[in-house]
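For reference, the structure is listed below as structure tokens.
Number of protein chains: 2
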Amino acid sequence: MGTTLDAAALRRRIRAGEHNGNTSGLAPGYVQCNLVILSGRYAADFLRFCQLNPKPCPLLAVGEPGDPTLPALGEIDLRTDLPGYRVYEHGVLTGQHGDISALWQDDMVGFALGCSFSFEEALLAAGLEVRNVTRGVNVPMYRSNIACAPAGAFVGDMVVSMRPFRPADAIRAIQVCTRFPAVHGAPIHFGDPGAIGIGDLAAPDYGDAVDIGADEVPLFWACGVTPQVALEAARPPLAITHSPGCMLVTDLRNAQLAVL
Amino acid sequence: MGTTLDAAALRRRIRAGEHNGNTSGLAPGYVQCNLVILSGRYAADFLRFCQLNPKPCPLLAVGEPGDPTLPALGEIDLRTDLPGYRVYEHGVLTGQHGDISALWQDDMVGFALGCSFSFEEALLAAGLEVRNVTRGVNVPMYRSNIACAPAGAFVGDMVVSMRPFRPADAIRAIQVCTRFPAVHGAPIHFGDPGAIGIGDLAAPDYGDAVDIGADEVPLFWACGVTPQVALEAARPPLAITHSPGCMLVTDLRNAQLAVL
């Protein structure tokens, strides 16, 4: 398949089982989301966690309990429209699925969270180089020592992603990302990794290391892996998320997320 | 006199010879400008220089040749409304005056350029600490190795001002100043001073050194001393500027300069 399908057409192919790989780079221009599905008080606590920690957990849509649709983001069925899902029981990964229709429960709530794909597109459109894109690898991510505000059982430190820039480009990157608070927004730190508890940039906790030029500084963004870490800490009896790289593709355009 | 006079009232006192000191901190909320007055082809070249180098030379108003008023900025007479002027002949300072009525020529053009007072007010309003304000000293300024685009005889490297911040505050400072392109806008560099040709932050070329915390990074802004340096290089037969700290106080409010 090509990369020129629009979001709805791509979702139809995924729903029909005709596409089951990564969504990265597909349906360019459209917002892709991290997905978390929870039930009962865990859903209520997670909603509060997201509202308390909007930079790592920017909520784009929340479903009604038991309703697998998210009409604000398109004609979506959360049970079938992602190419891959992960199932966690008591915080432990216990399965991977291409369809979760059999697992859906009548009090489940779907949470769609903004993802860095959207602001990376804006950075590239601004003529900036995004190192992980250039190198064709996953962005390096690190557990920081910045504590998230806790909500119920959801606790943890913020996970951050890192992209290196020369200072003048870093200033431009801050300006570009400031326009997109719904997808992590401006960086939360730059420079000394130790200042936010990161020991070694060459050894990311998630993703792949990237090279950093002598004239570059690392910029750190709040990362959507943060809710994943909080989820593992909360140990809900059952939770479902997207598989890494297998995102919820929405009808929303990245450009629509710009606040100005 | 108090600091609660509005801009027009302060200008009237200056015009009447009742105030002849610095304008810093007076008429808070109102835009204060750097002033350059030139004649003939030097005026034409300087206008081009400003348009080529908007970050160090943000033009807020240009007068008609021979006309000492700047109606866009208020009921202003450039010959009398600044507390202090400097006169340069062939690029060399030859005099200081409290009034330049006797020096005004019928082809003189007045240029009003934005000044850092405006964005410092915005930074303070955002709850950020501006070190030179806290310490009660002039901001430290340095000759960088960033070449300005030349126009006629006007050439030179950019002069930059420096204010230190912790990284998270630096990101906020970039956001705040981005709203004010008419008063130098976002910083042009941060971090390593050597990357822009600055040898020793403790030895500024103009102004006063300030302390920088171990957890802080220096942010560098394009500075309104840049046109002064270009003026000295151009060596026009006659040029008049404000005296340092004795600015043109306008009826424009700093908040009006925000582009969003």
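Quick mapping for you: the protein sequence lines, in order, are chains A and B. Mapping of the first sequence onto numbering that gives the first Met the number 0: position 227 corresponds to residue 226, and the numbering continues sequentially without gaps. Mapping of the second sequence onto numbering that gives the first Met the number 0: position 71 corresponds to residue 70, and the numbering continues sequentially without gaps. Every residue, glycine too, gets a C-beta built ideally from N, C-alpha and C. The model shown is predicted, which means the values in this text are computed figures rather than measured ones.
Option nearest residue i by Cα separation, candidates the options
i: B/P57; options: B/D191, B/T249 and B/A221; result: B/A221
i: B/C35; options: B/A148, B/R252, B/C245 and B/Q227; result: Per the sequence presented here, residue 35 of chain B reads as Val, with Cys not at that position. Answer by Cα proximity: B/Q227.
i: A/Q31; options: A/A181, A/L123, A/V175 and A/Q95; result: A/A181
i: B/A152; options: B/D44, B/E119 and B/A257; result: B/D44
i: B/S242; options: B/D98, B/L102 and B/F219; result: B/D98
i: A/S38; options: A/A101, A/P64 and A/Q50; result: A/P64
i: A/A208; options: A/D5, A/S117 and A/R134; result: A/R134
i: A/S160; options: A/V136, A/F219 and A/A8; result: A/F219
i: A/A185; options: A/Y84, A/C147, A/V61 and A/A172; result: A/A172
i: A/H96; options: A/F179, A/L200, A/A238 and A/L46; result: A/A238
i: B/P55; options: B/C147, B/N253 and B/L25; result: B/C147
i: A/R162; options: A/A150, A/F116 and A/G155; result: A/F116
i: A/M157; options: A/C176, A/A124, A/L123 and A/L51; result: A/L51
i: A/F118; options: A/E231, A/A15 and A/G28; result: A/G28
i: A/R142; options: A/V248, A/L200 and A/R10; result: A/L200
i: A/L247; options: A/G190, A/E88 and A/D76; result: A/D76
i: A/G196; options: A/A125, A/L123 and A/N144; result: A/N144
i: B/A26; options: B/A257, B/P139 and B/C245; result: B/C245
i: A/V258; options: A/R14, A/Y205 and A/R178; result: A/R178
i: A/P217; options: A/N21, A/G20 and A/V129; result: A/V129
i: A/L81; options: A/F189, A/D168, A/Q174 and A/I13; result: A/I13
i: A/R11; options: A/P53, A/T249, A/A254 and A/L256; result: A/T249
Partner residues on chain B for residue i, Cβ-Cβ distance less than 7 Å
i: A/V216; result: G190
i: A/T177; result: Q174
i: A/A185; result: I170 and Q174
Per DSSP, the bridge partner or partners of residue i
i: A/A213; result: A/A213 pairs with nothing; no bridge assigned.
i: B/M107; result: B/S38
i: B/V248; result: B/Q31
i: B/V91; result: B/E88
i: A/H96; result: A/Y84
i: A/L218; result: A/R162 and A/F189
Reduced DSSP category for residue i - H, G, I as helix; E, B as strand; rest coil
i: A/P226; result: helix
i: B/A202; result: coil
i: A/R234; result: coil
i: B/R85; result: strand
i: B/G113; result: strand
i: A/A121; result: helix
i: B/I75; result: coil
i: A/A257; result: coil
i: A/P239; result: Note on identity: in this sequence residue 239 of chain A is Ile, with Pro being the wrong assignment. Reduced to three states, the DSSP call for A/I239 is strand.
i: A/M0; result: Its pLDDT being 42, under 50, A/M0 is placed unreliably in this model, and the value from its coordinates should be taken loosely. In this structure, A/M0 counts as coil in the three-state DSSP scheme.
i: B/L102; result: helix
i: B/A7; result: helix
i: B/I197; result: coil
i: B/R14; result: helix
Contact list for residue i against chain A, beta-carbon separation under 9 Å
i: B/A194; result: R165, P166 and D214
Residue i: contacting residues in chain A (beta-carbon distance under 7 Å)
i: B/L259; result: L259
Threshold first: 4 residues or longer. Then list the alpha helix (DSSP H) segments lying entirely within the stretch 125-193 of chain B, N to C. Runs of the alpha helix (DSSP H) inside the stretch 125-193 of chain B: 130-134 and 166-177.
3-residue-minimum beta strand (DSSP E) runs that sit fully inside the stretch 27-71 of chain B, ordered along the chain: Runs of the beta strand (DSSP E) inside the stretch 27-71 of chain B: 29-38 and 58-61.
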